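J.:
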Amino acid sequence: MASIIVADEQEGRRNLLAGTLEREEYSVTRAGTLRQCEATALATMPDVVLLDGEWKTGDAIDAASRLSSDPEFNLKCRIVILSSSVGEEYLVSAAKAGVSEVLPKPVDMSKLLAQLDKHAKKMFVEPPADIRTGSGTGFFEVSVTPGDPSWSLPILQELLGEGAIDDEFITGLVSRFDEDIHVENDVLERLLRLAFDELILGAEVNIEMDEELSDEERKIAIDSAKSERRSRLIDAMESQAEAIEEELDEQLERLLDPPEKVAILTEFNGMVPVDPNALQMTRLSLEIIRDLFWDMGIPVREKLGMYSTQLEDAQQMVLDCLDALPEAPDEEE
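The numbering of the sequence shown is the numbering used here, which starts it at 5 and goes up by one.
1. Quick one: residues in its chain with C-beta nearer than 6 Å to the C-beta of residue 143, no 5 flanking neighbours on either side, listed in chain order?
2. Tell me which residue opens and which closes the alpha helix (DSSP H) that residue 83 is part of.
3. Am I right that residue 87 and residue 110 are in contact with their C-beta atoms under 8 Å? What's the rounded C-beta distance?
4. Runs of 4 residues minimum, wholly inside the segment 47-80: which ones carry the alpha helix (DSSP H) assignment?
5. Along the chain, where does the alpha helix (DSSP H) containing residue 174 start, and where does it finish?
6. Whole angstroms are fine: how far does the CA of residue 313 sit from the CA of residue 15?
7. If you check the beta carbons only, do residue 43 and residue 72 fall under 8 Å apart?
8. Would you identify the three-state DSSP class for residue 108, choosing helix, strand or coil?
9. Quick one, are the C-beta atoms of residue 32 and residue 84 less than 8 Å apart?
10. So is the beta-carbon of residue 20 under 7 Å away from any non-hydrogen atom of the ligand FAD?
11. Can you tell which of 90, 27 and 57 has its C-alpha closest to the C-alpha of residue 37?
12. Looking at the secondary structure, which residues open and close the beta strand (DSSP E) in which residue 96 lies?
13. Decide if residue 328 is buried, meaning its Cβ has at least 16 other Cβ atoms within 10 Å, or exposed.
14. If we ignore side chains and look at the alpha-carbon of each, how far apart do residue 80 and residue 246 end up?
15. Taking the straight line between their C-alpha atoms, what separation do you get for residue 283 and residue 317?
16. Report the rounded CA-to-CA distance for residue 219 versus residue 171, giving the unit in angstroms.
17. Could you have a look at residue 293 and say whether DSSP puts it in helix, strand or coil?
18. What runs of the alpha helix (DSSP H), each 4 residues or longer, lie entirely inside the segment 16-50?
19. How many Å lie between residue 22 and residue 40 at the Cα?
20. Taking just the CA atoms, how far does residue 123 sit from residue 129?
21. Flag this pair as yes or no: are the beta carbons of residue 29 and residue 117 separated by less than 8 Å?
22. Among 178, 121 and 63, which has the Cα closest to the Cα of residue 94?
23. What residues in its chain sit with their C-beta under 7 Å from that of residue 78, if we drop five residues either side in the sequence?
24. Put residue 7 into one of helix, strand or coil per three-state DSSP.
25. Grab the span of the alpha helix (DSSP H) containing residue 113 for me, first residue to last.
26. Using the Cα positions of residue 65 and residue 104, report the straight-line distance between them to the nearest angstrom.
27. So, helix, strand or coil for residue 218, using DSSP?
28. With burial defined as no fewer than 16 other Cβ atoms inside 10 Å of the residue's Cβ, what is the status of residue 114: buried or exposed?
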């Protein structure tokens with residue numbers, strides 16, 4: 005039986021919703037304040053928290069944000085808000101607060117029941133708003149795709165943009181030289197900018213300034229320069245990625261080494277003897293659990309939804325324990 009918390013300031017509306025859900029065989033808990041709702045939700049971890057959107061004593065979005073900040077709640081529970089405000093700004097705020105869905109008022113009861121059933125079964129429901137990182141709401145577009153390093157160019161151009169290379173920067177560089185440099189600061193600034201443009205944008209700058217090229221030739225040359233520039237960036241990033249990958253492989257190799265046979269060590273006399281009966285009982289218990297997991301089979305796991313992965317992990321841990329434990333010696337030994 006799925007569990008739901010119905011949180012609403014108005015007692016009549018709260019009882020009406022709760023009664024309807026109880027007739028649908030939900031286990032319903034009523035909450036008249038946001039504080040009571042939060043405390044009950046974190047203590048009981050219900051399948052769904054159904055919040056009214058308008059409160060005189062608090063804010064439903066803030067309450068949802070506090071609940072979603074709890075890792076266990078965020079994994080096990082879903083938040084649905086019933087609100088008369090369904091503007092874009094409100095939906096974005098709700099999505100950022102961890103709300104799974106915002107349903108408009110007046111409530112269509114049949115739709116509400118259908119959506120609550122989906123949430124209780126942990127089925128996919130489209131979030132209130134798309135708030136994925138890199139959606140273009142920031143200063144520059146960041147859209148990482150395989151083989152396309154163009155996302156790095158805005159970052160480099162931002163670092164080397166206006167104000168990055170100024171009089172103070174040039175003077176600081178010149179002061180580091182042992183020899184005197186008799187060149188005006190503005191000349192050095194133009195030289196540095198030209199060098200950075202060449203490194204970041206390749207030969208594109210020179211090509212665009214060449215008036216002798218036709219439009220078609222200039223376009224082909226620019227595309228070629230972009231390809232060359234991107235290949236240099238790809239090489240640099242792939243080199244860094246390979247170094248990180250090698251380091252990760254080295255660390256993981258140590259973690260994935262097969263475990264040695266179980267040995268309980270003490271500070272004083274090394275290994276401690278283990279009662280053969282206790283060892284045999286441990287192995288027998290693990291074998292029973294292993295057989296139970298096996299008998300449950302794939303059809304049962306599919307019905308478990310999000311918990312099927314945890315079940316598979318538990319089964320693998322049991323097998324690892326059995327592999328690590330030695331056989332119990334015979335009583336004669």
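A virtual CB, placed ideally from N, CA and C, is assigned to each residue, including glycine.
What you are looking at is a predicted structure, and each value in this text was computed from that prediction instead of being measured.
T.: According to the data block:
1. Bear in mind that the predicted position of residue 143 carries a pLDDT of just 35, short of 50, making it too unreliable to give a figure here.
2. Residue 83 -> not in any alpha helix (DSSP H); beta strand (DSSP E) instead, spanning 82-87.
3. Going by Cβ atoms, the distance from residue 87 to residue 110 rounds to 11 Å, so no, they are not a contact pair.
4. Taking only runs of at least 4 residues, the alpha helix (DSSP H) segments lying wholly in the segment 47-80 are 64-72 and 75-80.
5. Where residue 174 is concerned, the enclosing alpha helix (DSSP H) stretches over 171-179.
6. Going by the C-alpha atoms only, they are around 41 Å apart.
7. Remark: C-beta atoms of residue 43 and residue 72 do not approach each other more closely than 8 Å.
8. Note: residue 108 maps to strand in three-state DSSP.
9. No, the pair does not count as a contact, with Cβ atoms beyond the cut-off.
10. This structure simply doesn't include the ligand FAD, nor any ligand for that matter.
11. Closest option to residue 37, judged by alpha-carbon separation, among 90, 27 and 57: 57.
12. No beta strand (DSSP E) contains residue 96, which is instead part of the alpha helix (DSSP H) from 92-100.
13. Under this definition residue 328 is an exposed residue.
14. One C-alpha to the other measures close to 37 Å.
15. Rounded to whole angstroms, residue 283 to residue 317 spans 23 Å at the Cα level.
16. Near 38 Å, if we compare the C-alpha coordinates of residue 171 and residue 219.
17. Residue 293: helix per DSSP, three-state reduction.
18. Taking 4 residues as the minimum length, the alpha helix (DSSP H) runs contained wholly in the segment 16-50 are 38-48, in order along the chain.
19. Within the model, the alpha-carbon separation for residue 22 versus residue 40 is close to 16 Å.
20. Taking the straight line from one Cα to the other gives about 7 Å.
21. No, these two residues do not count as a Cβ contact at 8 Å.
22. Considering only alpha carbons, the answer is 63.
23. Hits under 7 Å: 72 and 102.
24. Here DSSP, grouped into helix, strand and coil, assigns residue 7 to strand.
25. Annotation: the continuous alpha helix (DSSP H) that includes residue 113 extends over 113-124.
26. If I take the Cα positions, the gap works out to 12 Å.
27. Coil, per DSSP.
28. Counting the other CB atoms within 10 Å of its CB gives residue 114 a total below 16, which places it among the exposed residues.
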